[in-house]
Structures are given as C-alpha cells and as structure tokens.
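Notes follow the structure.
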Amino acid sequence: MKWKNVLTDLFKVDYPIIQAPMLGVTTPEMTAAASNAGALGSLALGDLPAEKCIELVKQTKKLTDKPFAVNIFVNKIDAITPELENKYNKTKKHLREIAERNEIIADFPDINEIQLTDYHDQIEAIILENCKIVSFTFGNLDEKSIAFLKENNVILIGTCTSVEEALVLEKSGIDVICVQGIEAGGHRGSFLEETIPQIGGLSLLSQVADNINVPIIYAGGIYNAKTLLASKTLGANGFQIGSLFLGTLESALMDFEKQRLRNLKENEIVLTKSFSGRYARGIRNAFIEEIENSEYILPYPYQNKLTADLRKSSKSHKNSDFVSIWAGQSINGYSAVSTGIVIQNLIEEVENFSFLIK
Ligand SMILES: Cc1cc2nc3c(=O)[nH]c(=O)nc-3n(C[C@H](O)[C@H](O)[C@H](O)COP(=O)(O)O)c2cc1C
C-alpha cells in the first residue's frame with residue numbers, strides 16, 4: 454500500500470497512522486514511541502491545567518524530535534445555577550452513600566471547590582511550547598482561537614460524530630476532520646445535539662467523505678489490516694487508533710486494568726454517561742449499573758469532577774467496579790509490547806494484506 458498522502462505531507466510523518474490521544478492512558482512515552490515509529494503520536498491534555506500541559510509537552514520533546522499532536526477538550530461549561538447546585542448536592546449525597554456502602558474512602562468536593570479548565574489557557578501554553586498540530590474534541594474552537602492558532606501556523610484537527618458536525622468544522626476553517634464512528638472507545642466527540650448521534654463508522658465515514666473537502670482521519674474500531682483498509686476504501690486519509698494501544702508498555706493503565714481488558718467480552722462494552730456526564734464507551738461495571746438511567750447524572754464536566762476521587766481511590770485499591778476503563782468495540786489482544794512494535798506489526802500486516810488482495 455502507498456502510505457504517502459496528503460496527511461503524511463501535512464504532518465511530516467512516514468505513515469498516516471495517528472496514535473489516538475487517550476487521557477489517563479497516553480503518556481509522553483507512548484506519544485514519543487508512536488512518533489518515533491513514523492506515525493503521529495498524540496499527547497492527551499484534555500482538562501489538564503496549563504502548567505501540567507507544558508510539563509507533559511516538554512517531557513515528550515525530550516523523548517522524540519519527530520512531530521506529535523496535542524489534544525484538548527473544547528466543551529462548553531454550564532454556569533452554576535441554583536438548580537444545578539441542588540442537583541449536584543443530591544448526586545453528591547448519593548455517591549457518598551455508594552462509597553460508604555462499598556467501603557471506599559473518597560472525597561466529594563462542593564460545587565464551588567471544583568477546578569474548571571479553560572481551554573484558552575491551554576492554547577496559550579500550546580503556543581508557548583511551539584506545538585504545531587492540535588486536535589480537539591467535545592466541540593469546536595471559537596473563532597478567535599482558530600485565528601490565533603492559525604496565525605501561529607498550527608494545524609487543526611477537529612472531531613465529528615455526524616455529517617452536520619463535520620460541516621460545521623469545515624466551514625470554520627478546521628484543516629483536518631477526525632470522523633469518530635460509534636465503535637470508538639472513550640468519550641464521544643459529539644457537540645451539536647442533546648441526544649448524541651449514534652452513527653456507525655461505515656455509514657458515517659462514507660457520508661462525511663461525500664460531503665466535505667478537507668482531509669479525513671477515521672477513528673473507531675481499527676485494530677488490524679482489514680479494518681484499516683476498510684476505512685481507507687470509505688474515504689479516510691488517516692487512521693486514528695486508540696484501543697489497540699491500551700495494553701502496551703507505555704500505557705498508563707495499571708496491570709489490573711490491562712488484565713480486565715484481556716478478559717473482556719463483547720456484551721460488557723457499553724456507552725455510558727454515568728462516570729462523566731458525557732457519553733463514553735467502556736467496560737460495564739457495578740458503578741455503571743447503579744448510576745446509568747438514574748437521576749444522579751450531572752452534565753459534563755460536573756459529574757466527571759464529582760466522581761474523580763471515587764475513581765482514583767478505587768484505582769489505587771485495584772477495584773475495577775468503580776473505575777472507568779474505556780475501550781472500543783474491537784476487542785483485541787491488548788498486547789503488552791511497546792507502542793512502536795504494535796505500529797510496526799500493523800504496518801507489516803497492511804502491506805502483506807494489500808499484497809494479497811492485489
Ligand atoms: C481510554 C481512551 C481515552 C480516550 N481519550 C480521548 C481524549 O483524551 N481525547 C480524544 O480526542 N479522544 C479520546 N479518546 C477517543 C480516541 O481519540 C479515538 O476516537 C478512539 O480511541 C478510536 O476508537 P478505538 O478505540 O476503537 O481505536 C479516547 C479513547 C480511549 C479508548
């Protein structure tokens with residue numbers, strides 16, 4: 454297969470393969486390993502304070518001199534109203550009861566103690582660090598930020614989950630569109646509707662490709678040569694891969710989480726709002742069963758902040774019933790080799806496969 458294309462030229466990489474940004478999983482080591490293997494590594498900075506963003510970018514630069522992307526969340530944040538505060542307090546009380554019942558020691562902050570991230574501060578940090586590729590999800594950048602980033606020659610990658618979202622991104626001048634199929638692990642990037650679009654990758658990618666004129670990256674379910682080549686056939690110029698890297702040496706997941714993934718069955722993979730208030734795909738567990746479809750789900754990022762210490766504390770006790778382990782629909786071996794090896798193996802498999810089907 455001919456790998457060189459519009460995206461390898463734009464990103465200055467050997468392969469149009471993008472290691473997906475995965476907050477909580479991606480490390481500077483993973484990002485650098487992907488870039489060093491000739492792909493585009495992505496560093497997940499979503500919701501992190503600007504100082505932390507700078508620290509992670511600096512660490513990554515020490516490990517690679519190749520291009521890599523940084524990724525941020527650009528969601529709108531609901532103002533704190535008396536109604537929201539009231540609902541927050543009820544949810545907090547309920548979560549505290551769950552924690553006590555399950556003997557988990559966790560802190561549940563008051564709504565006014567929550568630290569909210571302003572993505573504009575992250576953009577300042579990104580420019581300061583001279584990052585040249587920025588991907589984003591959960592919305593679109595505002596006009597001023599787009600102009601500011603473009604003045605600084607930053608390439609912008611926006612995430613869509615419907616044709617309508619793709620058109621919004623294209624119209625505002627975003628350079629590359631990442632189409633996220635419903636198969637994808639982690640949070641949905643949706644931003645236009647209250648009820649999220651649940652369009653399968655096959656339909657969505659083909660329709661976005663028919664309707665927009667900027668390069669397309671596809672994300673969702675790619676885990677081998679067949680799935681990569683299928684997305685190429687449907688119009689993808691680039692291939693963003695997340696779940697395939699969850700078990701790697703550079704993944705920040707703990708061993709018990711990697712083991713849980715390796716025992717995963719297809720009927721355990723669900724789309725849930727219960728941990729963060731935003732739909733995300735991951736492994737069903739006791740917390741999801743108790744909270745999903747209940748009245749105790751706040752809008753993102755409030756639910757995410759409120760459950761943060763519960764998740765952290767459960768993680769430190771290796772309690773997979775109360776942590777969010779995100780994963781996509783393509784179950785794979787979650788192999789424990791390095792990110793670079795996973796990429797090399799995939800490239801080799803694609804080359805052999807393309808040779809076979811010629
Ligand atoms: C654990 C995990 C965390 C994720 N975190 C982010 C993130 O921080 N930013 C983002 O844009 N996408 C995030 N995603 C979504 C990926 O960018 C991508 O859409 C997805 O992994 C592709 O589907 P796949 O997992 O089937 O490969 C995450 C995915 C996973 C599995």
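Residues 454 to 811 in the working numbering are what the sequence shown spells out, letter by letter. Every residue, glycine too, gets a C-beta built ideally from N, C-alpha and C.
Item: Throw me the rounded Cβ distance for the Pro469 and Thr461 pair, which I believe falls under 8 Å.; Value: 5 Å
Item: What do you get for Asn690, buried or exposed, if any count of 16 or more other CB atoms within 10 angstroms of its CB means buried?; Value: buried
Item: Between Gln476 and ligand 1, is there a pair consisting of the residue's CB and a ligand heavy atom that are separated by less than 7 Å?; Value: Per the sequence shown, residue 476 should be read as Leu rather than Gln. Indeed, a heavy atom of ligand 1 lies less than 7 Å from the Cβ.
Item: Let me know the secondary structure DSSP gives Phe740 once reduced to three states.; Value: helix
Item: If contacts are defined as beta-carbon pairs under 8 Å, then Gly592 and Asn528 qualify, I think. What distance do you get, rounded to the angstrom?; Value: 5 Å
Item: Is Phe692 near Thr590, with beta carbons less than 8 Å apart?; Value: no
Item: For Lys758, collect the residues of the same chain with a Cβ closer than 6 Å to its Cβ; drop the 5 residues on either side in sequence, then sort them by chain order.; Value: Ile567
Item: By alpha-carbon positions, which one of Asp563, Glu646, Asp467 ends up nearest to Lys519?; Value: Asp467
Item: Can Thr590 be considered in contact with ligand 1, in the sense that its beta carbon sits closer than 7 Å to one or more heavy atoms?; Value: yes
Item: When DSSP builds the beta bridges, which residues end up paired with Ser587?; Value: Residue 587 is actually Val in this sequence, not Ser. Answer is Val523, Leu609, bridged to Val587.
Item: Output needed for Glu721: all residues of its chain with C-beta closer than 6 Å, excluding positions within five of it in sequence on either side, in chain order.; Value: Ile736, Arg737
Item: Within 10 angstroms of its Cβ, does Val776 collect 16 or more other Cβ (buried), or is it exposed?; Value: buried
Item: Quick check: the Cα distance between Tyr755 and Ile564, rounded to an integer number of angstroms?; Value: 8 Å
Item: How about the segment 621 to 631 and the segment 603 to 611: do they share at least three Cβ pairs that are nearer than 8 Å?; Value: yes
Item: For Phe464 versus Ile586, is the C-beta distance shorter than 8 Å?; Value: yes
Item: Would Leu706 pass as a contact of Val478 if the rule is Cβ separation under 8 Å?; Value: yes
Item: Drop a sphere of 10 angstroms on the beta-carbon of Ser769, count the other beta-carbons inside from all chains shown, and report buried for 16 or more, exposed for fewer.; Value: exposed
Item: Thinking C-beta only, is Pro481 closer than 8 Å to Leu498?; Value: no
Item: For Lys685, which residues of its own chain have a beta-carbon under 7 Å away from its beta-carbon, when the five flanking residues on both sides are left out?; Value: none
Item: At what residues does the alpha helix (DSSP H) containing Ile725 begin and finish?; Value: According to the sequence displayed, residue 725 carries Thr and not Ile. It is not in any alpha helix (DSSP H) - Thr725 instead sits in the beta strand (DSSP E) that spans 722 to 725.
Item: For Val790, name the three-state secondary structure that DSSP assigns.; Value: coil
Item: Name the residue from Ala578, Leu799, Asp762 whose alpha carbon lies nearest to the alpha carbon of Ile507.; Value: Ala578
Item: For Val661, which residues from the same chain have a beta carbon less than 8 Å from its beta carbon, with the 5 sequence-adjacent residues on both sides left out?; Value: Cys613, Val616, Ala619, Ile630, Val632, Ile669, Gly688
Item: Give me the Cα-Cα distance between Leu763 and Asn805, rounded to the nearest whole angstrom.; Value: 46 Å
Item: Is Phe401 helix, strand or coil when you go by DSSP?; Value: For the chain, the structure presents residues 454 to 811; residue 401 sits outside this window and is missing.
Item: Going by DSSP, name the residue or residues bridged to Gly691.; Value: Ile670
Item: Exposed or buried, what is Glu646 when buried is set at 16 or more other beta-carbons lying within 10 Å of its beta-carbon?; Value: exposed
Item: Select from Leu714, Thr513, Ile649 the residue whose C-alpha is nearest the C-alpha of Ala789.; Value: Leu714
Item: Name the residue from Met483, Gln472, Gly491, Leu809 whose alpha carbon lies nearest to the alpha carbon of Lys457.; Value: Gly491
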